[in-house]
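If you're matching them up, the sequences are chains Y, C, R and L in order. Position 34 (the first sequence) corresponds to 52 in our numbering; numbering is contiguous. Position 94 (the second sequence) corresponds to 112 in our numbering; numbering is contiguous. Position 177 (the third sequence) corresponds to 195 in our numbering; numbering is contiguous. Position 173 (the fourth sequence) corresponds to 191 in our numbering; numbering is contiguous.
4 protein chains.
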Amino acid sequence: MARPRSEDKREAILDAATRVIASQGLSAATATIAKAAGVANGSLFVYFETKADLLNALYVELKEEMAKASLEGLRKDEEPQAQMRHVWSRWVAWATANREKRRTLVLLGTSDEITQRSRHAGHQSMAGIAELMEHVKARGPMRDASLAFVSALMNATADATIDFIMNDPPNAERHCKAGFDALWRIIA
Amino acid sequence: MARPRSEDKREAILDAATRVIASQGLSAATATIAKAAGVANGSLFVYFETKADLLNALYVELKEEMAKASLEGLRKDEEPQAQMRHVWSRWVAWATANREKRRTLVLLGTSDEITQRSRHAGHQSMAGIAELMEHVKARGPMRDASLAFVSALMNATADATIDFIMNDPPNAERHCKAGFDALWRIIA
Amino acid sequence: MARPRSEDKREAILDAATRVIASQGLSAATATIAKAAGVANGSLFVYFETKADLLNALYVELKEEMAKASLEGLRKDEEPQAQMRHVWSRWVAWATANREKRRTLVLLGTSDEITQRSRHAGHQSMAGIAELMEHVKARGPMRDASLAFVSALMNATADATIDFIMNDPPNAERHCKAGFDALWRIIA
Amino acid sequence: MARPRSEDKREAILDAATRVIASQGLSAATATIAKAAGVANGSLFVYFETKADLLNALYVELKEEMAKASLEGLRKDEEPQAQMRHVWSRWVAWATANREKRRTLVLLGTSDEITQRSRHAGHQSMAGIAELMEHVKARGPMRDASLAFVSALMNATADATIDFIMNDPPNAERHCKAGFDALWRIIA
DNA sequence: CATGAATGAGCGTTCATTCAT
DNA sequence: GATGAATGAACGCTCATTCAT
C-alpha cells in the first residue's frame, strides 16, 4: 500500500549527486542535489537518512559500477596478460567516458565521511580484479608483497594514468598503453 | 628592518592550519585555526586575505618542505639509482615523521581551492627530483613518455607506498623497499 | 453498526501520545506518536485532523479521566469533609499511579494550542468536584469569593502537593495529608 | 581591544525573547527573537551559545527580577504578617505590571530545557522570601512540613491568584487580598 | 480506510569575512 | 596591526500535512 519508494527517484538523486559534486565538490548542498534530481528538498532524506549516508551509498555504487565496467567481457581462458590488459583498457575507458563519476569517486575517496564499511564494500567490488592480480603477481617480482599493497600500486598507477589522459585526450591511446606497460613491469 | 607583520605569527597560523586540517579536514573553521595558532579570529585575515589564500600558501609551503626534505643530502656524484633511492627513502621518512603535514598535503591536493598557480609552484619545488628522474628515464623503457607522466607515476607510487606504511609501520622498511623496486622497474 | 473508524486505533493514538509527550514534550513529532501507536504516519490524521486537534482531544480525555478517578466511590451521604478528603486522596492516587498521564496533562495545560473550548470541557469534567467545593466554601472564609477562584486555589494546591509527592514518594502519605489540611484551612 | 561585548545588546536580546516568547510560545524562532532585538541572526549566538542557554539565562533573570521586586522595600522590623503581606502584594503587582515577563516565566518553568542548575539559581533568588516563610511557618500548623513544600504551596497560591487577577483586573484588589488570606491560613 | 512517500517552509546553528575599537 | 563582536547567507535536517496507491 501507499506509494512505494521509487527506485527511479533514488537513482535520480544519486545521479544528481554525482553531477553536482563533480562540479561543486563535496560541500555541495543537499538542496542543490535535490533540485538537480527534480525532487523536493526533504525527499532526499526519505531515501538517504543523512548526507553522509548519501555519500556512502554513492561511493559504493560508483565503485561497483567502475569495477563492473572493468570486468565486463573478461574471458577467463585468455592469457593473464591479455586479461589484465582488458581490465586496464576498460577501466581507462570507463573513467574517460564518465568524467563526472570518476571525479566524484575520487573526491569521495578522500572524504572522511566514507566509512570503513563502505571502503570495504568498495574493495569487494574490485575482488574480481584482485583475483586476477593475485594470479599474476604470484610469479612476479612482488610475489612476497601483500595483495593489498600490489592492488594499491595498481590503483595508484591507474589513477595517475587516467588523470593524465583526462588532460591530454588526443594521446589517450599512447598513455593508456604506457600506463599498462608500467603496471606490467611492476607486477610481472 | 622589522617587517610590521610578524613572520612568527604567519608561521604559527600555517602550523595550526596543518594540525587542525589534518584532524578536521578542509572544512575546518578559520576561527578554529586562529585559536589553535594563538591569534585572534580576525588576525588570520591580516596574514591571509581569504581562507583560500591560506590553503594555497599552506599547499605550496608543505610541498616545498617535502621536496627539500627529500633532496637533502643528495650527492650528485653517486649512481642515479643510489640517488633515486636516497630521495625515495627520505621522502618516505619525511611523510612518516610528519603525518599531519602529509595528511593535510593530501587533502589540499584534492581541493579545488588550490589554484593552477599553486600547483605549478608545487611542481617547481620538485624540480630537483624531476631532473634526476629525467636522467634516469632517458635510457629506460619510458624514454618516450613525457616527464610529467613519469613524474605522476612516481608520485602515485610514492603516495601508495606511504599510505601503506602509515597503516603498517612495523613493516615500513620492507614496504619502502618494495615500493622503490616497483618504481625502479617502471622507469629504469 | 460498526463505526468505520476503529475506536481502538483512536485510543491507541491517544495512549501513544500520552507516553511520547510525557517523555519528549509537546514538540514530539506526530510521526513518533503514530509509530508508538503502531499505525502509519498518515493514519493519525484520519483520526485527528491536525496535531492541535489531537492535543485538545487528549487534554479533554485526560482531564476527564482524572476527574472520574477522583470522584469514583464518592458517597454523597458522608460529611463534606470526608467527601473532600476522599476526592483529594483519589486525586493524588491517580496522579501517582499515572505519572505519564499527569505529566502530559500538565504540559498540555500550558500549551496555547489548547482552546478555550477544551479548557471549558475540562472544567465540566470537574463539575462534580466543584459542586462539592461550592457546598463547603458556602460557610467558610471564602464564601464571598467566586467558585472559580476557589477552584483555582484547590487545583494549585493539589498540583503542588502532587509534584511534591512525585519527588518524594516515601512520604506520600504525609504530604498528602498536609496538603489536604492546607486546602481545608483555605476553604473551611 | 576590539569592540567589547555590549551589555545593552545582551539585554536587548533577553527583552526581545521575553516579548516574543510571551506571544509565540517557547517554540519562537531564534531568528524572530534576534530581529525583535534589532541584531543579526547570528549575533544572538555571540551572546548565548545555544537557544537553550538563552532560555536558561532568561529564566534565571526573570526569576531574580520577580524576587527582587517582591522584596524591595521590605522592612525587617515589621510584624511577620505585615512583611508577608508586603511581599505578596508586590509580587502580585510585579506580575500584573509585567504580564509578558510573567507569561514567559511560566512557560519557561514548564520547559525541560531549563536545567536543574537554573532552577536552583531561581530558588536562590527567592531565598529572602523563603527565610521569611521559615519564620512564619515555625509556629503555624505546617511547622512540621518541609520549607520546600510550604514554599511550593505559596508559589502555587500566588500563581493561581495572579492568574485570576489577570483575567479580572477590575477586582484585582479583592482577589489579591483573598489570595493572601488563603495563604495566611495555610501557614499561620 | 490505511499507508507511507512526498513536500517545502522552517529551524537552530555555523562561518568566512568585515569593521569598530 | 590586533582584536573579537557583528553579520547574514547558507547549511543539514525536521515535520505537519497531503495525496497517490
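Quick reminder that beta carbons are idealized off the backbone N, C-alpha and C, glycines included.
Original post:
Out of 35(R), 86(R) and 55(R), which has the shortest C-alpha to C-alpha gap to residue 74(R)?
Top reply: Nearest neighbour of residue 74(R) by Cα position, chosen from 35(R), 86(R) and 55(R), turns out to be 35(R).
Original post:
Would residue 68(R) count as contacting chain L if we go by Cβ distances under 8 Å?
Top reply: no
Original post:
How many whole angstroms separate the CB atoms of residue 167(R) and residue 139(L), which I take to be in contact at a CB cut-off of 8 Å?
Top reply: Not quite, the Cβ-Cβ distance comes to about 32 Å (not below 8 Å), so this is no contact.
Original post:
Near residue 113(L), which residues of its chain fall below 7 Å by C-beta distance, leaving aside the five closest residues on each side in sequence?
Top reply: 120 and 180
Original post:
Thinking C-alpha only, which one of 111(Y), 172(Y) and 186(Y) is nearest residue 147(Y)?
Top reply: The candidate whose alpha carbon is nearest that of residue 147(Y) is 172(Y).
Original post:
Roughly how far, in whole angstroms, is the beta-carbon of residue 65(C) from the beta-carbon of residue 28(C), given that I think they are within contact range, below 8 Å?
Top reply: 5 Å
**OP:** Mind checking which residues open and close the alpha helix (DSSP H) that includes residue 16(C)?
**Re:** No statement about residue 16(C) is possible, as the shown extent of chain C runs from 19 to 206 and does not include it.
**OP:** Spell out whether any CB of chain C is found under 8 Å from the CB atom of residue 204(Y).
**Re:** Closer than 8 Å: yes.
**OP:** Examine chain Y for any beta-carbon lying closer than 8 Å to the beta-carbon of residue 174(C), and answer yes or no.
**Re:** yes
Subject >> Boundaries (first-last residue) of the alpha helix (DSSP H) holding residue 14(Y) >> reply: A question about residue 14(Y) goes unanswered here, because the residues of chain Y that appear run from 19 up to 206.
**OP:** May I ask you to list, following chain order, the residues of the region 132-164 of chain R that have a beta carbon less than 9 Å from some beta carbon of chain L?
**Re:** 159, 160, 162, 163 and 164
Original post:
If we ignore side chains and look at the alpha-carbon of each, how far apart do residue 89(L) and residue 56(C) end up?
Top reply: One C-alpha to the other measures close to 47 Å.
Subject >> Cβ pair residue 136(R), residue 78(R) closer than 8 Å >> reply: yes
Original post:
Mind checking if residue 45(Y) is an interface residue toward chain C, Cβ cutoff 8 Å exclusive?
Top reply: yes
Original post:
I think residue 40(Y) touches residue 122(Y), with their Cβ atoms under 8 Å apart; what is that distance to the nearest whole Å?
Top reply: 5 Å
**OP:** Have a look at residue 105(L) and residue 92(L) and give me their C-alpha separation to the nearest angstrom.
**Re:** 7 Å
**OP:** Give the secondary structure of residue 36(Y) by DSSP, where H, G and I count as helix, E and B as strand, and everything else as coil.
**Re:** The three-state secondary structure of residue 36(Y), taken from DSSP, is helix.
Original post:
Just checking my contact of residue 32(Y) with residue 76(Y) at CB under 8 Å: how many whole Å lie between their CB atoms?
Top reply: 5 Å
**OP:** Hey, could you find the ends of the alpha helix (DSSP H) residue 181(Y) is sitting in?
**Re:** 165-185
Subject >> Euclidean distance between Cα positions of residue 183(L) and residue 191(L) >> reply: 9 Å
Original post:
Going along the chain, which residues of its own chain have a beta-carbon closer than 6 Å to the beta-carbon of residue 188(C), five neighbours each way excluded?
Top reply: none
Original post:
What residues of chain Y sit near residue 104(C), judged by a beta carbon separation below 7 Å?
Top reply: Those do not exist, as residue 104(C) stays about 21 Å from chain Y at its closest Cβ, beyond 7 Å.
**OP:** Would you mind working out which of 68(L), 205(L) and 126(L) sits nearest residue 160(L), comparing C-alpha positions?
**Re:** When each option's Cα is compared against that of residue 160(L), the closest is 205(L).
**OP:** Could you list the residues in the region 102-126 of chain C with a C-beta less than 9 Å from some C-beta on chain Y, going in chain order?
**Re:** 124 and 125
Original post:
Is the shortest distance between the beta-carbon of residue 128(Y) and the beta-carbons of chain C less than 8 Å?
Top reply: yes
**OP:** Could you tell me if residue 153(Y) is buried or exposed, where buried requires 16 or more neighbouring beta carbons within 10 angstroms of its beta carbon?
**Re:** When all chains shown are included, residue 153(Y) counts as exposed.
**OP:** Report back the beta-carbon spacing between residue 43(R) and residue 130(L) to the nearest angstrom; my notes put them in contact at under 8 Å.
**Re:** About 6 Å separates the two Cβ atoms, so the contact holds.
Subject >> residue 143(C): first and last residue of the uninterrupted alpha helix (DSSP H) it sits in >> reply: 134-143
Original post:
residue 71(C) versus chain Y: which residues are under 9 Å apart at the beta carbon?
Top reply: The contacting residues do not exist; residue 71(C) stays about 18 Å from chain Y at best.
Subject >> Listed by chain order, chain L residues near residue 171(R) by CB distance under 7 Å >> reply: 175, 178 and 200
Subject >> residue 194(C) to residue 149(C) span [Cα, whole Å] >> reply: 22 Å
**OP:** Flag residue 190(R) as yes if its beta-carbon sits less than 8 Å from any beta-carbon of chain L, otherwise no.
**Re:** no
Subject >> Candidates 80(Y), 157(Y) and 26(Y): closest to residue 98(Y) by CA position >> reply: Ranking 80(Y), 157(Y) and 26(Y) by Cα distance to residue 98(Y) puts 157(Y) first.
**OP:** Verify the CB distance criterion: does residue 63(Y) have a CB-CB separation below 8 Å to chain C?
**Re:** no
Original post:
Any idea if residue 200(L) is buried or exposed, counting beta-carbon neighbours within 10 angstroms, 16 or more meaning buried?
Top reply: buried
**OP:** Quick one: give me the first and last residue of the alpha helix (DSSP H) that residue 66(R) is part of.
**Re:** Taken as a continuous stretch (DSSP letters only), residue 66(R) belongs to no alpha helix (DSSP H), as it is neither H nor E.
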